[in-house]
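At position 87 of the sequence shown (counting the first as 1) the number is 176 in the numbering used here, and the numbers step up by one without a gap. Virtual Cβ for every residue (Gly too), placed ideally from N, Cα, C. Computed from a predicted model, the values in this text were never measured in an experiment. The block underneath contains the structure these notes are about, expressed in C-alpha cells.
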Amino acid sequence: MSNETIVAKGFLIIPRLKIENPRDKMLFLFLFERANFADDKLCKRGELITSKKQLEELTGWTYGIIRGAISRLEGHGLIVAETLSQKRGTKIRINNYSFFQDLTNYKTDSSFLRYEDSKQDNKQYQHPNNKQSNAENPELQGNTDPYEVTDNKEDTKKDNKRANKEKCNTITEFLNSISEQNVYNKKENCLFLELVEKYSIGHLLFYNKDEIANFVDFAADINSLILNIDRLILMDYLNIVRLARSSKKVSLRVIAKFLDDVLNYPIKTVESALRVHLQNHPDKIEAYTIGIIKNMADQNINVQKEKHFQKKGPSKSREREARLRAKGYLANTGDVQFDY
Numbered sequence: 090m091s092n093e094t095i096v097a098k099g100f101l102i103i104p105r106l107k108i109e110n111p112r113d114k115m116l117f118l119f120l121f122e123r124a125n126f127a128d129d130k131l132c133k134r135g136e137l138i139t140s141k142k143q144l145e146e147l148t149g150w151t152y153g154i155i156r157g158a159i160s161r162l163e164g165h166g167l168i169v170a171e172t173l174s175q176k177r178g179t180k181i182r183i184n185n186y187s188f189f190q191d192l193t194n195y196k197t198d199s200s201f202l203r204y205e206d207s208k209q210d211n212k213q214y215q216h217p218n219n220k221q222s223n224a225e226n227p228e229l230q231g232n233t234d235p236y237e238v239t240d241n242k243e244d245t246k247k248d249n250k251r252a253n254k255e256k257c258n259t260i261t262e263f264l265n266s267i268s269e270q271n272v273y274n275k276k277e278n279c280l281f282l283e284l285v286e287k288y289s290i291g292h293l294l295f296y297n298k299d300e301i302a303n304f305v306d307f308a309a310d311i312n313s314l315i316l317n318i319d320r321l322i323l324m325d326y327l328n329i330v331r332l333a334r335s336s337k338k339v340s341l342r343v344i345a346k347f348l349d350d351v352l353n354y355p356i357k358t359v360e361s362a363l364r365v366h367l368q369n370h371p372d373k374i375e376a377y378t379i380g381i382i383k384n385m386a387d388q389n390i391n392v393q394k395e396k397h398f399q400k401k402g403p404s405k406s407r408e409r410e411a412r413l414r415a416k417g418y419l420a421n422t423g424d425v426q427f428d429y
C-alpha cells in the first residue's frame with residue numbers, strides 16, 4: 090500500500106443532484122471530475138474522451154452496466170455521449186458544466202453561499218493555488234493542473250459565455266431564454282437549423298407534448314410561414330413523429346431540418362400531407378411525410394400542366410381554322426359537311 094500524501098491541486102464544485110441509481114451517480118461524479126476545466130486541442134471545457142473498455146477497467150463494472158448508466162444519464166439530460174470515428178473512443182460532454190462551477194448559481198437563504206459574503210471570505214482566505222501561496226509551497230509551483238483557480242478576467246468572461254450556452258438543459262428552457270433576448274424577427278423567416286447550429290442545441294430532445302406545443306408557438310414567432318399551418322395539426326404531427334420512435338424522444342435538430350425542408354413547398358400541400366400522415370401513417374417518422382409531400386407536389390404539377398394544355402387546345406384549333414380560311418379552303422361554317 091502506498092503511503093504517499095495526497096496533495097490538493099485546486100478544487101472542483103460538485104453539485105448535489107438527485108440521481109437515484111447509485112452506479113449512475115458514481116459514474117457521473119467520476120466523469121464530472123475528469124472533464125476538462127479549460128479548452129484544449131481535443132476537448133472543450135466540460136468534455137472528456139474515454140472508452141467503454143477504459144471505464145470497465147477503472148470501475149470493474151461490465152460493459153452492459155456502463156452502457157446502461159451512460160444511457161440513463163443521457164436520458165436525464167446530464168451528459169451527452171458521442172462515439173468518435175476510427176475507434177478513437179467516446180467523447181462525453183457534461184451538460185451545464187460551467188453553470189455548476191459558478192458559486193453565484195448556488196444562492197440560498199443562508200449567507201454561506203451568498204456572493205457578497207463569499208467575496209469577503211475570499212479576501213480573508215487565500216487559496217493554495219494563488220501565486221503568493223505557490224511561492225511558499227514549492228510543491229505547487231509551476232502547477233498546470235486544469236483545476237487551478239486564477240483571477241484572469243478574460244478567463245472569467247469566457248467562462249460566463251460558456252455558462253450562458255450550457256445553461257439551457259431542456260428545449261423549454263432554451264425557448265424561454267431566446268424569447269427573453271428578443272433577437273429574432275418574425276418577418277425574417279428564420280431558418281430553424283441555422284438557429285440550432287448557432288446555439289449548439291441540436292442534441293436537446295422533445296420528451297412530451299408540452300415541449301412540442303411551446304416549440305410550435307416559438308416557431309410561429311420567428312417564421313411567419315408556420316402561422317399558415319394549422320397549429321393543432323402541426324402539434325399533433327410532431328408528437329406522432331416523437332412517439333413513432335422506440336425511445337419516444339426526437340431531437341431538436343431532426344425537427345428543425347424537417348421544418349426547413351417542408352417550408353420549401355406550398356403550405357397547403359404541407360398541411361394536407363401532415364393530415365394524411367396523422368390519419369393513415371401514425372407509426373411512420375418524418376421521412377415518410379417528405380415522400381407524401383413530394384408526391385402531392387408532383388401531382389399538382391401534372392394537374393397544372395393538364396389544365397394549361399386544355400387551355401391551349403381550342404386556341405390552336407382556332408388558329409388552324411384561320412389559316413384554312415386564309416387559303417380559301419374554308420369560307421364559312423356552312424362549307425363543313427357533317428356525316429351523322
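Residue i: first and last residue of the uninterrupted alpha helix (DSSP H) it sits in
{"i": "residue 122", "result": "111-123"}
{"i": "residue 186", "result": "186-189"}
Endpoints, the beta strand (DSSP E) within which residue i is located
{"i": "residue 162", "result": "Premise fails: residue 162 lies in the alpha helix (DSSP H), 152-164, not in any beta strand (DSSP E)."}
{"i": "residue 181", "result": "179-183"}
Residue i burial status per 10 Å Cβ neighbour count (16 or more: buried)
{"i": "residue 152", "result": "exposed"}
{"i": "residue 378", "result": "buried"}
{"i": "residue 190", "result": "buried"}
{"i": "residue 124", "result": "buried"}
{"i": "residue 362", "result": "buried"}
{"i": "residue 171", "result": "exposed"}
{"i": "residue 323", "result": "buried"}
{"i": "residue 408", "result": "exposed"}
{"i": "residue 187", "result": "buried"}
{"i": "residue 359", "result": "buried"}
{"i": "residue 135", "result": "buried"}
{"i": "residue 96", "result": "exposed"}
{"i": "residue 341", "result": "buried"}
{"i": "residue 200", "result": "Reliability fails at residue 200, whose pLDDT of 43 lies under 50, so the model's placement of it is uncertain and no value is given."}
DSSP three-state assignment for residue i, whether helix, strand or coil
{"i": "residue 260", "result": "helix"}
{"i": "residue 139", "result": "strand"}
{"i": "residue 364", "result": "helix"}
{"i": "residue 170", "result": "strand"}
{"i": "residue 381", "result": "helix"}
{"i": "residue 267", "result": "helix"}
{"i": "residue 68", "result": "The structure shown has nothing for residue 68, since the chain only spans 90 to 429."}
{"i": "residue 134", "result": "coil"}
{"i": "residue 94", "result": "coil"}
{"i": "residue 105", "result": "coil"}
{"i": "residue 437", "result": "This structure gives no information on residue 437, because the portion of the chain shown stretches from 90 to 429."}
Beta strand (DSSP E) runs contained entirely in the stretch 277-360, provided each spans 3 or more residues:
For the stretch 277-360, not a single whole beta strand (DSSP E) run of length 3 or above is found.
Taking 8 Å as the threshold, find out whether the stretch 278-289 comes into contact with the stretch 297-312 through three or more Cβ pairs.
Contact between the stretch 278-289 and the stretch 297-312 is present, because at least three Cβ pairs lie under 8 Å.
Would you say the stretch 289-302 touches the stretch 260-268, given that touching needs at least three Cβ pairs under 8 Å?
Contact holds between the stretch 289-302 and the stretch 260-268, because three or more Cβ pairs, one in each stretch, are under 8 Å apart.
Pair every Cβ in the stretch 92-101 with every Cβ in the stretch 139-146, then say whether three or more of these pairs are closer than 8 Å.
The count of Cβ pairs closer than 8 Å, one atom from the stretch 92-101 and one from the stretch 139-146, stays below three, leaving the stretches out of contact.
Closer than 8 Å is the cut-off here; do at least three beta carbon pairs connect the stretch 382-390 with the stretch 351-369?
Short answer: they touch.
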